[in-house]
Structure formats: C-alpha cells, structure tokens
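The sequence shown: position 174 = 174 (full-length UniProt numbering), numbered continuously.
C-beta: ideal position from N, C-alpha, C; glycine also.
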Amino acid sequence: MTSAQSEPTAPDRSGAPTPFVELFNTFAVLWLKPETEGAVEGLERLVDVLGLKPPFPLSSAELQKEYARLFLGVAPETVSLCESAWTSPLRLVCQEAQFECRRAYAAAGLAVPPDSGIPDDHLGMTAAFLAVSIEKGAWGAARAFAANHPAKWVPAVAAQLAKRPDARIYRTVAEGFLKTLDRLQDER
C-alpha cells in the first residue's frame, strides 16, 4: 500500500498505535510477508491481546513453512488469500472484487504498488488498508470496507483452515482476524 507506509511492518512498541492499527498491521505482515522480522513476536502479541489459544511454541521458520504449504501454489488444497477466488462465480482471481478494492484504496488516496505483484484483493492488502484507514481516523470507511469485503469471505477461509491439521498457526491467525473484524464493527 503506498502512502503513509509502503509495506506492512510488525507493530512498533515504541509508538502508541491504536490497538486496531497494531492488530491490522500485524495481520498484514502475517498474510503477506511472514518472513518479516518481528512477525512471530507480532503473532504472540496478537494472541495475547485477542485472548486466543496460542499455537506455540513456534519459530519464524515454522511460520514461513506453514504459510508456503497453505497459501502458495496451485494445488487443489491451496487456500487462496484473494477475495475474488472466494466470491467470483468461477472462483477465479483478478475478478470484480479486486477492482472494488482498488477503487476503495484510490478513494482513500492509496494504491497497491503496481510492481508488487500483489492483487488488490489479497487479504494482506485489505488488512493494511484497514490499518491505514483507522490510523487516518476514517473509522466509518474502515467499518464499511470490512463489512463489504473481508467479512464476507474470510469466514470461509477460516472454516477451510479449521479443517486442516497442518494449519496449526494460520487457523489461529484466521480466528484472530475474524475476532478483530467483529470488534471493529462493535467499536463506536
């Protein structure tokens, strides 16, 4: 996401971001770049803040291996992190949801860097967009975007991960993401 930050980063404990900004930035790292330094510590904080059952002990290598096994590739068991794959009639990526996300980002003065290779409707980008929106004070826009996009399809991702014995870490991440979306809608 280009604007205030070009890539999601693990939470900075020296500053005082709102809990939602910190949470969504952590989710952006976990869904996009689990190899980012501090990703494991961000996950530990996320688990603590949200009161989730920890998938510990874990290492950066375990986090990266699970991510690759679950989300990279084209095998039937690969779990897509793109909204289009869950919402388009033929379950294809780069469909209308991608363009809807792109328009929402543009309306907020943001964009996914064109050379990143990351689809606009990738879950990591939606998490980054929510973090930036909240950081800018655009709570209404963040709530509307969350309700119209990730809240409509991430439950299916979470359900698929819940069935996978090899999704020990990301089952917890998906559960935490849904819990955070619920809290965002309740926050007034």
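- According to DSSP, Cys82 shares a beta bridge with His122.
- For the pair Glu41 and Ala138, the Cα-to-Cα distance works out to about 28 Å.
- DSSP places Val154 in the helix class (H, G or I) of the three-state scheme.
- Residue range Pro19 to Leu32 is occupied by the alpha helix (DSSP H) that includes Val29.
- Going by DSSP, Val40 is part of the alpha helix (DSSP H) stretching over Ala39 to Leu50.
- The region 140-147 makes no contact with the region 163-170; the number of CB pairs closer than 8 Å stays below 3.
- Within the same chain, Cβ atoms closer than 7 Å to the Cβ of Leu184 are found at Phe20, Ala142, Arg143 and Ala146, the five residues on either side in sequence being excluded.
- Around the CB of Pro55, 16 or more other CB atoms lie within 10 Å, so the residue is classed as buried.
- Listed in chain order, the non-local C-beta contacts of Ala131 below 6 Å within the same chain comprise Val21, Phe24 and Asn25, local neighbours out to five positions each way being set aside.
- Taking C-beta separations shorter than 7 Å and ignoring five residues to either side along the sequence, the partners of Pro34 in its chain run Leu63, Gln64 and Tyr67, following chain order.
- Annotated as distal: Leu58 and Leu52, with beta-carbon spacing of 9 Å or more.
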